[in-house]
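Undergrad:
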Amino acid sequence: MTLTLPQQSKPPSLQPTGWLRYLSFSVDHKVIGLQYLVCGFAFYLIGGALAGAIRTELTSPVADFMPRDVYNQVLTLHGTVMIFLWIVPVVNGAFGNYLIPFYVGARDMAFPRLNAVAFWLIPPAGLLLITSYFITGAAQSGWTAYPPLSLTTPATGQIIWILSVLLLGGSSIFGGINFIATILKLRRPGLKLMQLPMYCWAMLGTSILVVLSTPVLAGTLILLSFDIVAHTGFFNPGMGGNVVVYQHLFWFYSHPAVYIMVLPAFGLVSEILPIHCRKPLFGYTTMVYSIMAIVVLGLVVWAHHMFTSGTPPWMRLFFTIATAFIAVPTGIKFFNWIATLWGGKISLNSAILFSCGFIVNFVLGGITGVALAQVPFDVHVHDTYFVVAHFHYIVYGGSVFVIFASVYHWFPKVTGRMLDENLGRFHFLLTFIGFNLCFAPQHWLGLNGMPRRVAEYDPQFAFVNQISSVGALLMALSTLPFLWNVIASARSGEIAGDNPWRALTPEWLTTSPPPVENWKGEPPLVTHPYGYGIPADQIDLKDASGSDLWSNGR
Amino acid sequence: MILVLGGLWIGQNINLLPVDASVNAPIYDELFRVLFSIGTILFVGIVGLVVFSLVRFRRKAGQIGDGIALEGNLPLEIFWTAVPAIVVLFVGLFSYDIYERMGGMVPLGHGGHGDSQATEERVWGGIGTAGAMQASSEMLVPPLPVEVTAMQFAFLFHYPEGDIISGELHVPSGRPISLKMEAKDVIHAFWVPEFRLKQDIIPGQPTLLNFTPTRPGRYPVVCAELCGPYHGGMRSTVVVESADDYDAWFQANRKLPVSEA
Numbered sequence: 001m002t003l004t005l006p007q008q009s010k011p012p013s014l015q016p017t018g019w020l021r022y023l024s025f026s027v028d029h030k031v032i033g034l035q036y037l038v039c040g041f042a043f044y045l046i047g048g049a050l051a052g053a054i055r056t057e058l059t060s061p062v063a064d065f066m067p068r069d070v071y072n073q074v075l076t077l078h079g080t081v082m083i084f085l086w087i088v089p090v091v092n093g094a095f096g097n098y099l100i101p102f103y104v105g106a107r108d109m110a111f112p113r114l115n116a117v118a119f120w121l122i123p124p125a126g127l128l129l130i131t132s133y134f135i136t137g138a139a140q141s142g143w144t145a146y147p148p149l150s151l152t153t154p155a156t157g158q159i160i161w162i163l164s165v166l167l168l169g170g171s172s173i174f175g176g177i178n179f180i181a182t183i184l185k186l187r188r189p190g191l192k193l194m195q196l197p198m199y200c201w202a203m204l205g206t207s208i209l210v211v212l213s214t215p216v217l218a219g220t221l222i223l224l225s226f227d228i229v230a231h232t233g234f235f236n237p238g239m240g241g242n243v244v245v246y247q248h249l250f251w252f253y254s255h256p257a258v259y260i261m262v263l264p265a266f267g268l269v270s271e272i273l274p275i276h277c278r279k280p281l282f283g284y285t286t287m288v289y290s291i292m293a294i295v296v297l298g299l300v301v302w303a304h305h306m307f308t309s310g311t312p313p314w315m316r317l318f319f320t321i322a323t324a325f326i327a328v329p330t331g332i333k334f335f336n337w338i339a340t341l342w343g344g345k346i347s348l349n350s351a352i353l354f355s356c357g358f359i360v361n362f363v364l365g366g367i368t369g370v371a372l373a374q375v376p377f378d379v380h381v382h383d384t385y386f387v388v389a390h391f392h393y394i395v396y397g398g399s400v401f402v403i404f405a406s407v408y409h410w411f412p413k414v415t416g417r418m419l420d421e422n423l424g425r426f427h428f429l430l431t432f433i434g435f436n437l438c439f440a441p442q443h444w445l446g447l448n449g450m451p452r453r454v455a456e457y458d459p460q461f462a463f464v465n466q467i468s469s470v471g472a473l474l475m476a477l478s479t480l481p482f483l484w485n486v487i488a489s490a491r492s493g494e495i496a497g498d499n500p501w502r503a504l505t506p507e508w509l510t511t512s513p514p515p516v517e518n519w520k521g522e523p524p525l526v527t528h529p530y531g532y533g534i535p536a537d538q539i540d541l542k543d544a545s546g547s548d549l550w551s552n553g554r
Numbered sequence: 555m556i557l558v559l560g561g562l563w564i565g566q567n568i569n570l571l572p573v574d575a576s577v578n579a580p581i582y583d584e585l586f587r588v589l590f591s592i593g594t595i596l597f598v599g600i601v602g603l604v605v606f607s608l609v610r611f612r613r614k615a616g617q618i619g620d621g622i623a624l625e626g627n628l629p630l631e632i633f634w635t636a637v638p639a640i641v642v643l644f645v646g647l648f649s650y651d652i653y654e655r656m657g658g659m660v661p662l663g664h665g666g667h668g669d670s671q672a673t674e675e676r677v678w679g680g681i682g683t684a685g686a687m688q689a690s691s692e693m694l695v696p697p698l699p700v701e702v703t704a705m706q707f708a709f710l711f712h713y714p715e716g717d718i719i720s721g722e723l724h725v726p727s728g729r730p731i732s733l734k735m736e737a738k739d740v741i742h743a744f745w746v747p748e749f750r751l752k753q754d755i756i757p758g759q760p761t762l763l764n765f766t767p768t769r770p771g772r773y774p775v776v777c778a779e780l781c782g783p784y785h786g787g788m789r790s791t792v793v794v795e796s797a798d799d800y801d802a803w804f805q806a807n808r809k810l811p812v813s814e815a
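So the protein sequences, as listed, match chains Z and U. Residue 436 in the working numbering sits at position 436 of the first sequence, and the numbers go up by one each step. With positions in the second sequence counted from 1, the corresponding number in the working numbering is that position plus 554.
1) Using a Cβ-Cβ cut-off of 7 Å (strictly less than) and excluding sequence neighbours within five positions of A51(Z), which residues of its own chain qualify?
2) Check whether the Cβ of A560(Z) lies closer than 9 Å to any Cβ atom in chain U.
3) Whose CA, out of F335(Z), F401(Z) and T182(Z), lies closest to the CA of F633(U)?
4) W201(Z) to N518(Z), Cα distance in whole Å?
5) Who does C777(U) pair with in a DSSP beta bridge?
6) Given that Q753(U) touches chain Z, what residues does it touch there, using C-beta distances under 7 Å?
7) Taking Cβ-Cβ distances below 7 Å as the criterion, which residues of the region 444–457 of chain Z are in contact with chain U?
8) Buried or exposed, going by whether 16 or more other CB atoms sit within 10 Å of the CB of E692(U)?
9) What three-state label does DSSP hand S172(Z) in the structure shown?
10) Which bits of chain U does P606(Z) rub up against, with CB to CB less than 9 Å?
11) Could you confirm whether any beta carbon from chain Z is found closer than 9 Å to the beta carbon of M656(U)?
12) Can you tell me which of the three DSSP states P506(Z) falls into?
13) Along chain U, in chain order, which residues have C-beta atoms closer than 7 Å to that of R188(Z)?
14) For V776(U), return the contacting residues in chain Z, with the cut-off set at a CB-CB distance below 7 Å.
15) Using 8 Å as the Cβ pair cut-off and three pairs as the minimum, do the region 568–578 of chain U and the region 321–330 of chain Z touch?
16) Does T703(U) come out as helix, strand or coil in the three-state DSSP assignment?
17) So D383(Z) contacts chain U; which residues on that side make the cut at Cβ distance below 9 Å?
18) Can you list the alpha helix (DSSP H) stretches of 4 or more residues lying completely in the region 431–502 of chain Z, in chain order?
19) Express the C-alpha separation of F391(Z) and S399(Z) in angstroms, rounding to a whole number.
20) Who does T384(Z) pair with in a DSSP beta bridge?
21) In its own chain, which residues sit with a C-beta less than 6 Å from the C-beta of D227(Z), not counting the 5 before and 5 after it?
22) Alpha carbon to alpha carbon, how far is S172(Z) from G449(Z)? Give it in angstroms, no decimals.
23) Quick check: what's the CA-CA separation for M418(Z) versus S60(Z)?
24) Measuring only between beta-carbons, confirm whether N567(U) sits less than 9 Å from chain Z.
25) Should W501(Z) go down as buried or exposed, given a rule of 16 or more other Cβ atoms within 10 Å for buried?
26) For the beta strand (DSSP E) holding P726(U), just list the boundary residues, first then last.
27) What residues in the region 603–627 of chain U bring their beta carbon closer than 7 Å to a beta carbon of chain Z?
28) Against chain Z, does T683(U) count as a neighbour if the rule is that its beta carbon must be under 9 Å from one of theirs?
29) Quick check on this structure: which residue in H712(U), E701(U), E722(U) and R729(U) has the alpha carbon closest to the alpha carbon of V695(U)?
30) What do you get for W563(U), buried or exposed, if any count of 16 or more other CB atoms within 10 angstroms of its CB means buried?
31) With 9 Å as the threshold, decide whether the Cβ of Q759(U) is near any Cβ in chain Z.
32) Counting only the same chain and skipping the five closest in sequence on each side, list residues whose C-beta sits under 7 Å from that of P459(Z).
33) Whose C-alpha, out of T594(U), E584(U) and I618(U), is nearest the C-alpha of L559(U)?
34) Are the C-beta atoms of T635(U) and some chain Z residue less than 9 Å apart?
35) Below 8 Å on the Cβ atoms is my contact criterion, and I expect P767(U) with K734(U) to pass it. Report the Cβ-Cβ distance as a whole number of Å.
36) How about L221(Z) and G169(Z): are their beta carbons less than 9 Å apart?
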């Protein structure tokens, strides 16, 4: 008896293939990661244009570039877009989705459909936010939306802002649940927690923060929308409400949000540095514990945003100490990175330059952060340009520099082609100079009396503001070589091969770009993701200099 | 060592702040110099290490080998956990001391001037020279009470002794001032950079702020909390003048006879 099986032709796919899959409800974690990245970058350009509008307004001390209420809409949109549509989705969603399944040895995330839902909440939320500007006028009360201002400014824009942030918060929570489940439950058999690449730990810590604190923001914003729509009095002092309660609830999310933006960046840097220094990551165990310490401390420091809000003295004291102590685990991470650089064979490529730019900028932001934690210091500079400078050093000098470093590092994996290194170094130089020119003078502005969120200011600050605006222009221009580099290299860059960096982490142990389901055959078991370097007793004495030996204690 | 000395020198000699014009401003500046010195030392040191590593350990043309397989060093980790912890602890204690000297630790509701209202409604205190002021109010000069009303987009200053309403805050130099502040609509903040003082004025919560101006001059009063479209234009002036000049201004503007204090 013969059984003739019908010739198996390629089954028609329910999912589109080719470039169309990037516009589809794809459940492939790599596609979703890229969707996050490209979508986030589009919003980065919008947020950057808004920043450009702000810096243009501030080139002169009078409000002459745009109407004052439009200025407040622009600064509200700038903050919201950059935080909720660029940094949070990209450092978490984009790199998290792309890398975490590789790192745990899985073929996809734990909940692929939830993952796609989480991404597809972002474009509508973003469009809602942006179009509110054109249709009704956007929210005018800053990204913090403090009542009673947010209750008295035009209601439609504020409600759309709340809806949009709720959608984005939902997306963030879905993503967080997915990362926790993937890291804890989808690890390849045999892979222990303490063998995971550092980015997994960073994402685990971040996701815990997301899941614990984002619902608080959601609840707060729902109460705020009740106040606006239904005229309830939760935060309305005219009806017996309390505006300081809103600030507590808001910052209970929004301070951890800072760690949601920088912890993944810490993780990404920990992946990039060892590969390009050809050395193991220094102090793996302390890095893990310091991430977890930051998570715990990050939840109990929120009131340092409210030192001038009439908080009781004991509370000020507690939050000063808690805040200042975050510097300790953060400092451990920075010293470990420097120790990773020390004695390496560092390739001075764009990924390393951006990573080291991050270290320099973040250290300055961290030092001003410890200063701001001190109540008497903060009382003078709270709500001034000093604070603006401080947090841009954290989120731009920190997170955004790391995003660029990561793009230079993982571009060969994603596209199979190399980026142009000369353009990359030029991009770094322009960004680094522009960034510091833009934000370093703002420290002085804040100390000397320029409050934040103003469209007009004391004419004595005009010159320093113009310097800052020139820096902003350089930052805007620095995007051009980057964009050109990415587009041109994706089409005709040098072929990278599967593992151009000779890396050991699992995402490099497959083809570039990787196949659907990540590996042909069994996922590799990587128990030493940072096993670079020559053991100290095998160093070629002729090649090593005296200090190499000295740093080994020989 | 050079680094530490250089940092100290920079911290002590480069002045980034505007002039000091109140009793707590020099105390503040002391804290600022300490923070600035420590910050400079740390920043220059860390940047120096990064730059040195990048130059010294860069991959030279033709090199293909790896670095040293150095996975960690426990004594070193303990060292750089302990040092920042000690620095942070020192800064924390020092700023606590500064804070106390500014009067920040005085319990709320006691910073006032014996106002009977203070016991009835909840009064929110700001940082201020409340402690020092209370001592002085018992012995020397009674503090000058001024009622501040903040609204979109102006400050109004009302002097209960004399029933003066003014758009500018006139205060005599050397005498403690006690502001009782109230916001009519949204949150505002009262900030005088030269006094190194800022306090949010929160609707529904009368707030006290005490200070003693020292240096005659005209200084800006700035609203520091986003309060609407004209937030940037919400400014006023505090005029610190000698006691005689202040008396002249007071006599010229008062509407009520003042009982001798």
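For every residue, glycine included, the Cβ atom is placed at its ideal position computed from N, Cα and C.
TA: On the basis of the coordinates in this document:
1) H78 and A472
2) No answer is possible for residue 560(Z): it lies beyond the span of chain Z, which begins at 1 and ends at 554.
3) F335(Z)
4) 21 Å
5) F744(U)
6) T308
7) W444, L447, N448, G449, P451, R453, V454, A455, E456 and Y457
8) Note on E692(U): pLDDT 47, under 50, position unreliable in the model; the coordinate value appears next. The residue in question, E692(U), is exposed, as its Cβ has fewer than 16 Cβ neighbours within 10 Å.
9) helix
10) The structure shown has nothing for residue 606(Z), since chain Z only spans 1 to 554.
11) yes
12) helix
13) Here the premise fails: no neighbours, minimum Cβ distance about 23 Å.
14) G449 and P451
15) no
16) strand
17) A743, W745, K752, D754, A778, E779 and L780
18) 462–492
19) 11 Å
20) P451(Z)
21) L151, F234, F235 and N236
22) 37 Å
23) 43 Å
24) no
25) buried
26) L723 to P726
27) L603, V604, S607, L608, F611, R612, R613, Q617, G619, D620, G621, I622, A623, L624, E625 and G626
28) Residue placement at T683(U) cannot be trusted, given a pLDDT of 41 that sits under 50; what the coordinates show is reported in the next sentence. Taking Cβ atoms only, chain Z never reaches closer than 9 Å to T683(U), which makes this a no.
29) R729(U)
30) exposed
31) yes
32) P61
33) T594(U)
34) yes
35) Wrong, their Cβ atoms sit about 17 Å apart, outside the cutoff.
36) yes
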